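In this text, residue positions in the sequence shown follow this note's numbering: the first is -15, and each later residue adds one.
The structure appears below as structure tokens.
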Amino acid sequence: MFNLIISIIAIALVVVLAGASLYYGGDAFNKGSEEAKASTYINQAQQLQASATLFKASNGGLPSDASATKNVQSLIDGKYLAGQPKVATGTGAWGLDSTNGVILVEQDVTDSAKTGMTLNICDTINDNGAGVVFCSATKADVASTIDTVANAPLDMDDTTAATAAKAVKKITVFMKL
-15 MFNLIISIIA IALVVVLAGA SLYYGGDAFN KGSEEAKAST YINQAQQLQA
35 SATLFKASNG GLPSDASATK NVQSLIDGKY LAGQPKVATG TGAWGLDSTN
85 GVILVEQDVT DSAKTGMTLN ICDTINDNGA GVVFCSATKA DVASTIDTVA
135 NAPLDMDDTT AATAAKAVKK ITVFMKL
């Protein structure tokens, strides 16, 4: 009988500890996921930038197709890139806009890092992108999107900017070449 009581108490303690770790550690688990996804975007942009630089050095210029996605395919066909990087969240594909000299991917904004790009992932990209990889609200064209980062980057740490950012529905992650 004593062993049964001790077993029930042990199971109850495990349940309480598991519940407490989820309650108090939940934000830490989500934040880690967002930081990992932001790092994935930064690494993919840097890999594409390196591939584009090799292509440019070998061919005297960047791929010049009107389609940014086809320009990335040119890097793959030329063996400068193993394959199209899979975006960390949501749908979409990386592209190379040779007119504006940027590598970019557009993403819809969602509320959960599990299902898509969040504003916190975007903010982490801006914080950790070393001043070369950026995340911004998508504008009418690529040039306008790039100018937005120079004048008013998305910053979730600033209360005023964070309030304005809540209206953003589509963002662009990009890196200048």
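We treat Cβ as the ideally placed atom computed from N, Cα and C, and that holds for glycine.
Because the structure is a prediction, the values reported are computed rather than measured.
In whole angstroms, what separates the C-alpha of residue i from that of residue j?
{"i": "residue 2", "j": "residue 58", "result": "50 Å"}
{"i": "residue 129", "j": "residue 8", "result": "38 Å"}
{"i": "residue 35", "j": "residue 54", "result": "14 Å"}
{"i": "residue 186", "j": "residue 85", "result": "Because the chain in this structure spans residues -15 to 161, residue 186 falls outside the shown range and cannot be described."}
{"i": "residue -14", "j": "residue -6", "result": "12 Å"}
{"i": "residue 156", "j": "residue 60", "result": "22 Å"}
{"i": "residue 66", "j": "residue 33", "result": "14 Å"}
{"i": "residue 17", "j": "residue 89", "result": "20 Å"}
{"i": "residue 91", "j": "residue 100", "result": "8 Å"}
{"i": "residue 103", "j": "residue 56", "result": "26 Å"}
{"i": "residue 80", "j": "residue 20", "result": "23 Å"}
{"i": "residue 159", "j": "residue -1", "result": "47 Å"}
{"i": "residue -9", "j": "residue 97", "result": "39 Å"}
{"i": "residue 64", "j": "residue 29", "result": "14 Å"}
{"i": "residue 42", "j": "residue 150", "result": "43 Å"}
Excluding the 5 residues preceding and the 5 following residue i in the sequence, name in chain order all residues of the same chain whose CB lies nearer than 6 Å to its CB.
{"i": "residue 152", "result": "93, 121"}
{"i": "residue 127", "result": "84"}
Could you tell me if residue i is buried or exposed, where buried requires 16 or more neighbouring beta carbons within 10 angstroms of its beta carbon?
{"i": "residue 52", "result": "buried"}
{"i": "residue 105", "result": "buried"}
{"i": "residue 22", "result": "buried"}
{"i": "residue 116", "result": "exposed"}
{"i": "residue -3", "result": "exposed"}
Quick test of your reading: residue i and residue j, contact by CB under 8 Å. State the CB separation rounded to the nearest angstrom.
{"i": "residue 72", "j": "residue 24", "result": "4 Å"}
{"i": "residue 119", "j": "residue 112", "result": "So it is not a contact: roughly 10 Å between Cβ atoms."}
{"i": "residue 87", "j": "residue 161", "result": "7 Å"}
Give a yes or no on whether the minimum CB-CB distance between residue i and chain D is below 8 Å.
{"i": "residue 4", "result": "This model lacks chain D altogether, as it is built from one protein chain only."}
Can you list, in chain order, the residues of its chain with a C-beta nearer than 8 Å to that of residue i? Leave out the 5 residues immediately preceding and following it.
{"i": "residue 74", "result": "91, 92, 94, 99, 100, 101"}
Point to revise | Within the region 18 to 86, ranges of the beta strand (DSSP E) (whole runs, at least 3 residues) | key: 79 to 81
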